[in-house]
Every structure is written in structure tokens, then in C-alpha cells.
Amino acid sequence: SDQDLTDQYETLEKYLQKPIERLDGVARVELQGVQPRELRVLVDPDRLAAYGVDVQQLRSLLERSNFSVSAGEITENGQRFTVRPVGEFKAVTDVRALVVRSGLRLSDLAQVELVAPELPVGRRMDGRPAVGIDVFKSTQANVVDVADRVIAAVEEARKMPQLQGIEILVVGNQADSIRQSLRELRNAGLIGAGLSFFMLLLFLRHLPTTLIVSLAVPASLLVTLAAMYFLGFTLNILTMMGMLLAIGMLVDNSVVITESIFRHRQLTPGRPMEATLAGVKEVGIATLAGTFSTIIVFLPLVFGEKNQMSLFLVHVAVPIVVAMIASLVVAQTLIPMLAARMSPPPPVSEASLFGHLQRRYTATLGWALDHPKTMAVIVVLLLASPVPLFALKLAKVDPFPQEASRMLGLSYHLNGSYPMDRVEEAVKRIEAYVEENKERFDVDTYYSWWVADNAYTRLYLKPKEEATVAAAEVMKRVMEDMPEIIIGKPSFQFDQGAGGASAFTLQLSGESTE
2 SDQDLTDQYE TLEKYLQKPI ERLDGVARVE LQGVQPRELR VLVDPDRLAA
52 YGVDVQQLRS LLERSNFSVS AGEITENGQR FTVRPVGEFK AVTDVRALVV
102 RSGLRLSDLA QVELVAPELP VGRRMDGRPA VGIDVFKSTQ ANVVDVADRV
152 IAAVEEARKM PQLQGIEILV VGNQADSIRQ SLRELRNAGL IGAGLSFFML
202 LLFLRHLPTT LIVSLAVPAS LLVTLAAMYF LGFTLNILTM MGMLLAIGML
252 VDNSVVITES IFRHRQLTPG RPMEATLAGV KEVGIATLAG TFSTIIVFLP
302 LVFGEKNQMS LFLVHVAVPI VVAMIASLVV AQTLIPMLAA RMSPPPPVSE
352 ASLFGHLQRR YTATLGWALD HPKTMAVIVV LLLASPVPLF ALKLAKVDPF
402 PQEASRMLGL SYHLNGSYPM DRVEEAVKRI EAYVEENKER FDVDTYYSWW
452 VADNAYTRLY LKPKEEATVA AAEVMKRVME DMPEIIIGKP SFQFDQGAGG
502 ASAFTLQLSG ESTE
């Protein structure tokens, strides 16, 4: 806004914070960068000594003089009245006029002013002081639903006369990122399922067989969705990721069992039922062992010690475990039932490409069996090959890397705790550098916050459809000519991950960008 918002706490609380707090699914709303004004009583020690007033007695007098209590009820003529003595201060003049003793008022001993408190956190938006609002959802609420209701409340707040002249910017909304991620996961899942089907068709060379094997995917995923419902899991980014990771593994058991059945069908063409039972029996234990050796890797995440990371990863592990178990059941029940009633695919021709591949594989396997020592050396070298990368620190380890998105976070890595004004000077230096190269960095807007021992600047790049520079290239350009600051070393890498349950962040900026 054109006006200073740091002393507008009452207005922002009444017309923006409170309406959002009343929405279903909102746990709490925090105003950042603005606090309620406080009544400051600055006592003059010389006057206290001159009038013989003890400062502790003066404090007790102030506490006793500002009260509002219930004194009971009075019933008369069938009517009940509540008695509530009120002695609250209504204005600063009431405090100044407080009688300390006969002929002596508080204004004779101290300066009484209504002032804005010193803020422990600094915020700037596009180089101007800013006020932020963080909205947190309740545990069981849906992020997207809560975010949509809050955005609707913000739109209503924009129309209020009391908030005219204040521009409200939504700088972070998890609902938008969730929708985008779900769309990308859905598209990736459909493409992956299609590629998996055509890959199976390429190797199985038989459309009916491919359809039977592919049936394991939707059947297993439907069972997974049902299990997630009864276990209380929602369909979110992590659970969808788990199901997508499982898609490629769901057909393994079906492929092995189908191949075994059809091989026995070719050996005994006139006895399909017996051949099917023999084929399933031959590889049943192998598929069981293979499935459980896969899902047992994820069980420590489900039943092990709970920490912040495992609480997230369990949403990936549970869908994979359920889907793999479902695929095993489908592969040993539904797949054999259908395969027994379908003609097997034709045998591989020796002159075909797959016949050539089979001969080459057989020859390679024979050589490996004839040279066990050489194969042992090759296996050891393969297992030891990643060791030099970590021993020489050639492989970078960053548990929370920044992907090339259109929002980049610059951490200042302060080397100690400093006065707020000194940290602000460092932030202004970096912001001036960003503002000067705004077009070259493809930056749309930027936002900074800082405390005594930490500082952070978030760069919001132009949307993908308007972008002229890739996000990864922006990070490289920013770091090339980054001005030095004595108290820290800004970079796009974080020392530790940042967690939180905020649904999204609203930003009240000191400059309109509409």
C-alpha cells in the first residue's frame, strides 16, 4: 500500500485475518511483519524519587486499575441481571489521568504513548517493507478445498472500503502446486501405462496375452485404492507417486506366470487345465519370493521408527506394498484362469529378431558359467565402482536440492547473529543486485525475510509461457556476479530442509503490482 501497514494491525486483523480464521478447515492465521500496538509507560526515575513512589507499587496500581470481572447476578421481578464491574482503560488519556495518590497522576511521573512494537522479523517485497499472512489448515482438512475458500474470502476482502488502497498478493499457494503435480502425475501415469503395454506387446508378440498380463495393473490399482480408503490415506502426490512407481512392477508376476503356463501348454497342447496348474506350480514359489523380497524393503518405513521423513515416505510405501501383494494374488488366480481358456502365442522363430537375441543370450550365459572367476571380478568391480565418487567427493550430496522450478530460494547462510539493521543492509544489497538485473534474470518479483541469525530471498520467475531463461540458468547467472556480504554467503543450497503445514501464503506488499 502507499501507506505504512506496520501500524494497521487492527484493520488487517478485523477485515482480513478474522474472516479467514472463521472458515472451515483453517487451523490458524498468523500476521507477520505487523503486531498490535502496545501502551508504553516510560517512567522518569528522577520524578519517582522526588515523589517517593516505588516502581513495583506503580506497576501493581496499573494492573489493579485495568480490570473487567463478573460480580454475579441479580434477580428481580422475574428478570435476571448480570453484574459486571468494568474498570478498563478506554484511551491513552485514561492511563495518563490515573491517580497515583492525592494530587499526583501517572502523567506527572511517566510518558504514556501508544507505539508500534519492535518487530523480530523483517519482510520486504520488491524492495519495499511488506506484511505477510500465513494460513495453516487443520490436520484433517483438504488443502485444495481450504485454499479455494480462503482465496474466495480474500476476493471479498478486496472489495471492502476499509482495505481500499491495499494490494493483496498471493505469493505461495499449495493448492495450485498440488493441482499441477496431480495433473503431471496423471499424465505421466497414462503415458507410462501406455508405454508399458506396447513394450509387453513387443516382447510377448501376442495381443491376447498382452491384454491378460496388462489386466494386473488396473486390478491391482483398484485394490490399492480400496485399501487406502480403509486405511485412511488420501489420494495425494505421495500416494499417487507410490502407485506410479508400482505400475512397472505389477506386470512382473503376470509375465512370469503367463510365460510358464504357455510353455507347458506348448508341451502338452491337449491338456490346458493341467498345463496351467503345472505352469503356476513351477514358478509360484519364485513369484512369491520375488514379491516379498521387494515389499520387505518398504516395511521398515511402515512399521519402523516414526520421524518427519518416514511420515512422508509411508504414503509412498503403503501403495507400493498393497499393489504388489494385489498383483501377486491376481497373477496366481485371475491370470491362470484366463490363460487356461486362451490359445498360447506361437513359438519364437529361429530366424526372427527375438530368436537371434535368444541365441546371443544363451551364448553369453554359457560363457559366464564357464568363467566364474572372471565373472566374480566383474561383479566386485561393479559393486565398488561408486566408491571413488563419494571418497573423492565427486558426487554432490544435497538432501534438499532445488529443482528448476519458476520459484527459487536464495539462503544467506549467515555466520552468526547480528543486529536486525545490519542483516537488513545485507538483504538490501542483494535485492539491489536482483533489481538491477531483473530482466536478465527473468525475475517477475522477489520477496525477502530476515531475523537476527537467518535471511532468505525468494525469486519468483516469469511464468513458463513468458520465460526467456531456464530456471537452472537463472541460478547460474545470479551466482556469477553475486555481490559479497561480510556476514554470510548467499547461495541456492540449504543447510537443512524447511517443513511446514501452511496451505499458502498471502503477501501484503508496499507496492501494487496489478
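Counting with the numbering used here, you get residues 2 to 515 for the letters of the sequence shown.
No residue lacks a Cβ here, since even glycine has one placed at the ideal position from N, Cα and C.
Do you know offhand how far residue i's Cα is from residue j's?
i      : j      : result
Gly53  : Asp25  : 56 angstroms
Glu283 : Ser261 : 8 angstroms
Tyr16  : Ala153 : 14 angstroms
Arg423 : Tyr457 : 14 angstroms
Ile321 : Ser221 : 10 angstroms
Gly243 : Pro37  : 46 angstroms
Asp356 : Phe198 : Here the sequence assigns Gly to residue 356, which means Asp is not the residue at that position. Approximately 22 angstroms, taken between the alpha carbons.
Ser510 : Ala176 : For Ser510, the predicted model reports a pLDDT of 47, less than 50, meaning its position is unreliable; a value from the coordinates is still stated below. Whole-angstrom Cα-Cα distance: 22 angstroms.
Val331 : Ser449 : 54 angstroms
Arg60  : Gly104 : 19 angstroms
Asp454 : Gly190 : 44 angstroms
Leu208 : Val319 : 32 angstroms
Arg272 : Leu216 : 24 angstroms
Glu440 : Val479 : 12 angstroms
Leu49  : Val87  : 29 angstroms
Met241 : Val257 : 26 angstroms
Ala468 : Lys477 : 16 angstroms
Ser2   : Glu168 : 6 angstroms
Glu426 : Ser418 : 14 angstroms
Ala98  : Ala51  : 19 angstroms
Phe1   : Ala158 : For the chain, the structure presents residues 2 to 515; residue 1 sits outside this window and is missing.
Leu236 : Leu170 : 29 angstroms
Asp149 : Gln112 : 48 angstroms
Leu366 : Pro373 : 11 angstroms
Glu11  : Asp109 : 30 angstroms
Glu185 : Gly291 : 31 angstroms
Thr363 : Arg187 : 40 angstroms
Pro121 : Lys160 : 31 angstroms
Pro420 : Leu245 : 49 angstroms
Pro531 : Ala385 : In this structure the chain extends from 2 to 515, so residue 531 is not present and cannot be described.
Arg342 : Thr211 : 15 angstroms
Ser344 : Glu275 : 14 angstroms
Glu436 : Ala377 : 60 angstroms
Is residue j closer than 8 angstroms to residue i when the C-beta atoms are compared?
i      : j      : result
Gly166 : Gln4   : yes
His265 : Gly280 : yes
Leu462 : Met408 : yes
Glu39  : Val30  : no
Phe313 : Leu239 : yes
Val349 : Gln333 : no
Val151 : Val132 : no
Ser139 : Ala28  : yes
Ala194 : Val323 : no
Pro389 : Phe263 : no
Val96  : Phe90  : yes
Ile248 : Val218 : yes
Ser255 : Ile192 : no
Ile326 : Ile297 : no
Leu289 : Leu329 : yes
Leu411 : Leu354 : no
Val303 : Val315 : yes
Ala340 : Thr259 : yes
Check residue i in the structure and name its three-state DSSP category.
i      : result
Pro20  : helix
Glu528 : Outside the displayed span of the chain (2 to 515) sits residue 528, for which this structure offers no information.
Ala142 : coil
Pro345 : coil
Asn174 : strand
Gly193 : helix
Ala111 : strand
Gln165 : coil
Thr76  : strand
Thr269 : coil
Thr292 : helix
Arg361 : helix
Glu351 : coil
Thr83  : strand
Glu275 : helix
Glu39  : strand
For residue i, write down the residues that DSSP places opposite it in a beta bridge.
i      : result
Gly410 : Arg459
Leu105 : Arg102
Met126 : Arg129, Tyr448
Phe234 : Answer is none; Phe234 lacks a bridge partner.
Gly489 : Leu415, Ile486
Val33  : Note on identity: in this sequence residue 33 is Gln, with Val being the wrong assignment. Gln33 pairs with Gly133.
Report yes or no: is there a C-beta of chain B within less than 8 angstroms of the C-beta of residue i?
i      : result
Val388 : Going by chain labels, chain B is absent from the structure shown, which holds only one protein chain.
The region 432–448 in contact with the region 112–127 per 3-pair CB rule at 8 angstroms: Judged by Cβ distances under 8 angstroms, the region 432–448 makes contact with the region 112–127, as three or more pairs qualify.
The region 467–475 touching the region 136–147, judged by at least three CB pairs closer than 8 angstroms: no
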